[in-house]
Amino acid sequence: GLSVTMPHKADLVELGETDATVDMLGAANTWVCRDGTIIVRNTDATGAEAALRARGVTDVEKVVMLGAGATARSVLAAAIGMGAGEAVVMSRSRERSTKILKLADGLGIRVAWLPFESEPPRCNLIVSTVPAGSLIRRAED
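With the first letter of the sequence shown counted as 1, position 48 gets the number 225 in this note's numbering; the numbers rise by one all the way through.
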């Protein structure tokens, strides 16, 4: 098997048998060949929730996500699983945020979009899913 990261998570979905989580998120990060069958799964959502719980986060009301890609969709699923009823997606482009905004709306939570340049709203969880250093460069501009 193997594990993949951006920008290949959406492409991996097309390469094997999926499950409900992969279908919902449109992203996979794990590829396994079992008895000749290629299976793709998303372990980011369960991993994010486990990491948050390990740090003592047990209840999420409002999550702010920096980034709008496949990892952000997985974090959104984890936050919803922990009770989030509201999400704010902060990214460079509203157009590039369409998938995550539709996912949040389809899962029945309030969702809003803000550009990176905005001040983040009050929340009890903020998560960055953007590549390391990308926001530092923007801050220096």
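Ideal Cβ positions, reconstructed from N, Cα and C, are used throughout, including at glycine. For clarity, every value in this text was computed on a predicted model and none was experimentally measured.
Exercise for the section: Output the distance between the C-alpha atoms of R299 and K239, rounded to the nearest integer angstrom. Expected result: Straight-line Cα distance between these residues: approximately 8 Å.
Practice task
Going by CA-CA distance only, name the one from D200, G233, R269 and S268 that's closest to A222.
Solution key: With distances taken between Cα atoms, A222 lies closest to D200.
Practice task
Determine the direct distance from the alpha carbon of I286 to that of L243, and round the result to whole angstroms.
Solution key: When rounded, the separation of the alpha-carbon atoms in L243 and I286 is 18 Å.
Problem - Member of L202, S180 and P184 whose CA lies at the smallest distance from the CA of D282 - result: Nearest option by C-alpha distance: L202.
Exercise for the section: Ignoring anything shorter than 3 residues or poking outside the region 225-280, list the beta strand (DSSP E) runs there in chain order. Expected result: As far as the region 225-280 is concerned, its whole beta strand (DSSP E) runs of at least 3 residues are 239-243 and 263-268.
Practice task
Taking 8 Å as the cut-off, decide whether the C-beta atoms of T195 and A205 are in contact.
Solution key: Contact check for T195 against A205 passes: the beta carbons are separated by less than 8 Å.
Exercise for the section: Kindly give me the distance between the Cβ atoms of V288 and A249, rounded to whole angstroms, as I take these residues to be in contact under 8 Å. Expected result: Between V288 and A249 the beta-carbon gap is near 12 Å, outside 8 Å, which marks them as no contact.
Problem - L291 versus S274 - alpha carbon distance - result: A straight-line Cα-Cα distance of about 10 Å links L291 and S274.
Exercise for the section: Identify, in the order they occur along the chain, each residue of the same chain with its Cβ nearer than 8 Å to the Cβ of R269, setting aside the five sequence neighbours on each side. Expected result: Around R269: P292 and F293.
Handout entry: Contained beta strand (DSSP E) runs [length at least 3] in the region 187-231, N- to C-terminal order
Key = DSSP runs (the beta strand (DSSP E)) wholly in the region 187-231: 207-211 and 214-218.
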